[in-house]
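So the number in my numbering is just where the residue sits in the sequence shown, counting from 1, plus 108.
Built from N, CA and C at the ideal position, the CB exists for glycine as well.
From a predicted model like this one, the values you see are computed outputs, not experimental measurements.
What follows is a short report on a single structure.
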Amino acid sequence: MMLNARFLKSVLPASARNLIRTGLLRAVATSGLSEGFKQANIVIVGKELADDFEQFCLANNGPLPLLYRSKPGEWSSPPLSTASDIRTDCPQYIKYEGGNVTGNLSSLVECTKQLKDMVTFYLGCSFSFESALLEADVPIRNIEQGRNISMFRTSIPCVGVDGFQCNMVVTMRPIPVDKLDAAVKVTHHMEDAHGAPVHIGHPGLIGIEDLSNPDFGDAVEAQPGDTPVFWACGVTATEAIRSCKSPLAFTHAPGCMFITDLRSEQEVSSNYAADTETPCVFCISQNPLHYSVASVTTVKKFEALDTLIQQDPGNRGIEHLLLENQLLKACLSLSHARSVLITTGFPTHFNYQPPEETDGPPGAIAIAAMLQAQKKNVVIVTDQRALEMNKKIIEEAVEQGVLKTSVPVVSFRDNDEDSSLEFLCHDKNPQFPRFDHLVAIERAGMAADGNYYNARKVNIKHLVDPIDKLFLTAQNIPGIATTGIGDGGNELGMGKVKEDVKKYIHNGDLIACNVEADFTVIAGVSNWGGYAVACGLYILNNCTIHERYLRKAVGFPKTSEMDEYISALPTVHKEEKLLELLVKHGIRSGKTGNLGMEVDGLLFHDTHSSMIKQLLEITLGQVQSN
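Given below as structure tokens:
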């Protein structure tokens, strides 16, 4: 008997289960079946393992959202359905013995005796949100193509519980770029169906080599303009069953789900109450393609940070250099990074020793402190002539409590054409970069003629090591992002706005930096930009939507670490201490009076103190909607 797709799409769950039970629907994927109703992954384990498996689910609720745990020998699932029988109501089952697959079964009735001492777990399924995606005009390519969903093993480790140890399995749906926001918003509110995606972009970033060769299900063809989007998948449970090597276990076959009587939008448990926040999607890398997410509230906080630091006390005309969402995207990228290289140093006082200015180092150290708190590897690269001085400043910053632990300070020697590649990558291999992100803050930037200029057009090339070459080399190394923070257009990383610098900034036709960064953060004072980055990293890690995306929906929110993040935020007291250290080492203000950075008798300028206080108010407080 042939059943057409339109009938299967509209059939009620009880009727669908009856069709499966009577053998009319066997070994078929349930994607698109009984549209608008929740579906469930099924795991059946011995009662002696049930408590451990439940804890495994709770510790990994992204891939394994628990809808119901049965009693031993219970075939029905009262909260989810009526007149159901788990022994017959999935299109196909898999039998495991000692962790190995020993059979594909159309029914478990013959196993009734063993099942009396076993517990069934009903886990949420991404098929449950398909009708909501379609209602939001998000196409589902596998349904269009009449195929099962693509499922892949990943390199994302789940949180282990006793014998249950495995990596996550994900589903992949190609989504048009202009529908990414809609897809994330729709699924974000459906946590009992895996919730929002755990990754958007290049599959290699989560250990998937070939999208045309799925581990489970069918290959699905993307259309022009589609981006691969990955959701946590309940097939993760089958990997956990394999790892546990229990004497006997059963699961549904991938794609062959149990169909419940619950509407897709119905909540099963208060554990999965909908988050009232709304997510937004941002592209943070084109090579490799990578998107990240943050809540609307978080985005508004970044807008407030931008408005604050983009004040122009020196009347330089920086309003002409501003680019949208650069601070936010830089912080999103840094939030995903594991190892960050920071550089600073603008030797504007070329007739003095040392020639550095106080703008730059405080902002760099503020960024380093927050990155340290977030367990990232941090290295500072500086000019060889200033290496020992900067090492001492870092040591004393630790002693003064400005930094929690020391940061390695190194120099870059441009000995040959491979020096940059050797510095950035292990064994000069671009596939193994040492750093994920390079940050330049108030660092002298190379102009179009190869020289370095201060704002007064003085060539200071003899005082500047060619750290720009690291940024130029990074442009051709997939996986290394770059950020430039500046306040005048002659700083490293400002190449993206060089034409506007030439047009609007005094002496810009000569001094404009020619070297681009992926993200260009413009501030009235570069230190302000550094403080804003530190605050932004805190805001992101306090954003539940971003924090979940970072940990790939496994484990638990890192609420216990927030105190450490707060202690790493810039404060007036810490920056006063740091400026005292800089002045002690002979470093002078490069932006006296009109830029709010002058140190007079080691006293902090009111403008600068007020800036830090306002940044902290935004970071730790509420941003009101317009």
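Strand pairing of residue i, partner residues [DSSP]
i, result
"residue 336", "282"
"residue 258", "280, 325"
"residue 367", "147"
"residue 390", "400"
"residue 548", "451, 592"
"residue 203", "211, 358"
"residue 488", "450, 517"
"residue 531", "BP columns for residue 531 are empty, so no partner."
"residue 125", "Beta-bridge pairing links residue 125 to no other residue."
"residue 602", "624"
"residue 265", "275"
"residue 307", "338"
"residue 561", "567"
"residue 696", "465"
"residue 105", "Residue 105 is absent from the structure shown; the chain starts at 109 and stops at 734."
"residue 554", "560"
Length of the line joining the Cα atoms of residue i and residue j
i, j, result
"residue 203", "residue 224", "16 Å"
"residue 196", "residue 227", "16 Å"
"residue 711", "residue 688", "Because the pLDDT at residue 711 is just 39, under 50, the model does not fix this residue reliably, and the point stays unresolved."
"residue 442", "residue 563", "29 Å"
"residue 145", "residue 601", "51 Å"
"residue 528", "residue 462", "26 Å"
"residue 717", "residue 428", "26 Å"
"residue 486", "residue 480", "7 Å"
"residue 432", "residue 183", "56 Å"
"residue 321", "residue 327", "6 Å"
"residue 503", "residue 674", "22 Å"
"residue 701", "residue 336", "Low local confidence applies: a pLDDT of 36 at residue 701 is under 50, so the model's placement there is unreliable, and no value is given."
"residue 725", "residue 440", "21 Å"
"residue 368", "residue 637", "52 Å"
"residue 598", "residue 474", "22 Å"
"residue 607", "residue 613", "10 Å"
"residue 705", "residue 466", "Confidence is the limiting factor: at residue 705 the pLDDT is only 42, short of 50, which leaves the residue's position unreliable, though a coordinate-based value still follows. Roughly 8 Å separates the two Cα atoms."
"residue 680", "residue 425", "27 Å"
"residue 279", "residue 211", "24 Å"
"residue 539", "residue 580", "17 Å"
"residue 344", "residue 356", "17 Å"
"residue 317", "residue 323", "11 Å"
"residue 117", "residue 128", "14 Å"
"residue 736", "residue 131", "Outside the shown range of the chain (109 to 734) lies residue 736, about which nothing can therefore be said."
"residue 561", "residue 611", "17 Å"
"residue 748", "residue 542", "The structure shown does not extend to residue 748, since the chain is modelled only from 109 to 734, so the question has no answer here."
"residue 380", "residue 340", "Caution is warranted here: a pLDDT of 48 is assigned to residue 380, below 50, making its placement in the model unreliable, and the coordinate value is therefore given only provisionally. Each residue's Cα considered, the two are about 15 Å apart."
"residue 447", "residue 236", "38 Å"
"residue 361", "residue 348", "14 Å"
"residue 659", "residue 170", "10 Å"
"residue 692", "residue 686", "10 Å"
"residue 294", "residue 351", "33 Å"
CB-CB length for residue i against residue j, believed under 8 Å
i, j, result
"residue 388", "residue 399", "Their Cβ separation, rounded to whole angstroms, is 10 Å, which puts residue 388 and residue 399 out of contact at 8 Å."
"residue 569", "residue 618", "At roughly 13 Å, the Cβ-Cβ gap does not stay under 8 Å, so residue 569 and residue 618 are not in contact."
"residue 263", "residue 314", "6 Å"
"residue 476", "residue 511", "7 Å"
"residue 290", "residue 246", "5 Å"
"residue 625", "residue 596", "About 15 Å separates the two Cβ atoms, so there is no contact after all."
"residue 780", "residue 395", "For residue 780 there is no data in the structure shown, the boundaries of the chain being 109 and 734."
"residue 148", "residue 365", "6 Å"
"residue 409", "residue 630", "Actually they are not in contact, since the Cβ atoms of residue 409 and residue 630 sit about 18 Å apart, beyond 8 Å."
Residue i CB to nearest heavy atom of the ligand PLP below 6 Å
i, result
"residue 299", "Absence of the ligand PLP from the depicted structure is noted, as is the absence of any ligand whatsoever, leaving it without description."
At 3 residues or longer, and completely inside the segment 620-692: list those beta strand (DSSP E) runs for me, N to C. 627-630
With a cut-off of 8 Å, do at least 3 Cβ pairs link the segment 487-505 to the segment 652-666? no
At which residue ranges does the segment 214-238 contain complete alpha helix (DSSP H) runs of 4 or more residues, listed in the order of the chain? 220-223
Touch check for the segment 134-149 and the segment 182-202: three-plus C-beta pairs under 8 Å? yes
What are the uninterrupted segments assigned as alpha helix (DSSP H) that are 4 or more residues long and contained completely in the segment 146-188, given in chain order? 155-167
Which residue spans inside the segment 392-476 form an unbroken beta strand (DSSP E) run of at least 3? 397-403, 447-453
Does the count of Cβ pairs from the segment 155-170 and the segment 244-260 closer than 8 Å reach three? no
If contact is defined by three or more beta carbon pairs under 8 Å, each pair taking one atom from either stretch, is the segment 214-224 in contact with the segment 262-276? no
With three or more beta-carbon pairs closer than 8 Å as the criterion, would you say the segment 613-628 touches the segment 572-580? yes
Contact between the segment 541-555 and the segment 444-454: three or more CB pairs below 8 Å? yes
For the segment 167-183 against the segment 228-246, do three or more pairs of beta-carbon atoms, one drawn from each stretch, fall closer than 8 Å, so that the two count as touching? yes
Is the segment 410-420 touching the segment 518-534, taking contact as three or more C-beta pairs under 8 Å? no
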